[in-house]
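Just below is one structure, and these are the notes that go with it.
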Amino acid sequence: MMIHGLNNLPTLEPTTPAKDLCKDCIGLDYCKQELTGMIPHDEEYMGTIRTRLTPCNYKQTKMERARLDRLFKDAHIPERYADCYFDSFHISKHNQDAVNAAYDVIEKDKGVIFYGERGTGKTMLASIIANEMNKQGKNALFTSMPELFDSIRARFKEGNAKDIVDGVKDAAYLILDDVGTEKMTRWVSEQLFIIINHRYNKQLPLIITTNYEPKEFARRLCVVDSNGPDRISAERIISRLNEMCKFVRVGGTDWRMKGAG
């Protein structure tokens, strides 16, 4: 657009620097760049200036989400909780510590293992964490333990399991629901250790839900064969989880049974 300056001569209207267009942006739906989510940068190349486009954080998250969606058939927040946030969760004296821990995950990148009886809201609370993360433009991968290993097994049969394992290992936030329900074979134990050990070394947040108290949870991670339980396989996983996460009980009664005759 042309504007007029001194002596009524036309001058170019000053343009807003590309990086300043992103200031206070709250998502791709509000992007002010010419190409949504792509930030132009001028750089010198062989004596000339050229413009290079790089994706913003929101665009990178969307691209990573699309990549993970291609890898996983079932790695999604349960539909029941797809639109749940903290104002959807019934807070009581029995689950206040768990809610506080959920805020610590979001605000401080803390890891947590929510445990407690069925129906007390563990999966819903984990889903709320994922929804809050995704709203902030942070990619959270949510999958149940059985669904995850079904996906990995299917990829192994196709000969391309590395992509899916790498996707779990490197997800910005990983939420594993229903850990302890999967039969702990030696293969499952090894794959789980690879994932957890990688995230431990990279200091990537991990959120787990389980129906089992800490001691029973550790027992459930043991490989059991003809020689009995192999505690070493479980101990190397638990030792890392103890440093990555804190166990937090989600108390209360089974809300799904309320009103049942």
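Each residue of the sequence shown is one higher than the one before, counting from 530 in the working numbering. For every residue, glycine included, the Cβ atom is placed at its ideal position computed from N, Cα and C.
Note that the C-beta distance between L770 and L733 is not below 9 Å. For A763, the CB contacts under 7 Å within the same chain, skipping 5 residues up- and downstream, are A747, L750, C751 in chain order. At a Cβ-Cβ threshold of 9 Å, L705 and M674 count as neighbours. Between the alpha carbons of K588 and K744 lies a gap of roughly 42 Å.
Boundaries of the beta strand (DSSP E) around A669: 669-673. Nearest to H727 by alpha-carbon distance, out of Y741, I635, A700, T739, is A700.
For I725, there is no enclosing beta strand (DSSP E); the residue is found in the alpha helix (DSSP H) stretching over 715-731. In this model, I635 and D626 are separated by some 15 Å (Cα to Cα). Between the region 579-588 and the region 554-566 there are three or more C-beta pairs closer than 8 Å, enough to call the two in contact.
Considering only D633, A595, M567, G645, the residue with the shortest C-alpha distance to D707 is G645. Considered as a whole, the region 623-686 harbours 625-637, 651-664 as its complete alpha helix (DSSP H) runs of no fewer than 4 residues, in chain order. If you draw a 10 Å sphere on the C-beta of K651, you find 16 or more other C-beta atoms in it, and that means buried.
When beta bridges are read from the DSSP output, Y702 appears opposite A669. With contacts defined as CB atoms closer than 9 Å, K686 and I723 fail to qualify as a contacting pair. DSSP places F776 inside the beta strand (DSSP E), whose first and last residues are 774-778.
Closest by C-alpha distance to R682, out of N756, P569, Q720, is Q720.
P743: member of the alpha helix (DSSP H) spanning 743-749, first to last residue.
Per DSSP, reduced to three states, the secondary structure at D759 is strand. Our two residues, D612 and N660, have alpha carbons roughly 7 Å apart in a direct line. Apart from sequence neighbours up to five positions away, the residues of its chain that approach F678 with a beta-carbon distance below 8 Å are E711, V717, Q720, ordered along the chain. Shown here, T590 sits in a helix according to DSSP, grouped into three states. Between the alpha carbons of S768 and M713 lies a gap of roughly 17 Å. When C-alpha distances from S617 are compared across H605, I657, G781, the shortest belongs to I657.
Cβ contact annotation for T739 (same chain, cutoff 6 Å, sequence separation greater than five): Y644, V708, G709, F746, in chain order. Rounded to the nearest angstrom, the Cβ distance from G640 to C774 is 4 Å, consistent with a contact under 8 Å. In this structure I578 is exposed. Its beta-carbon is surrounded by fewer than 16 other beta-carbon atoms within 10 angstroms.
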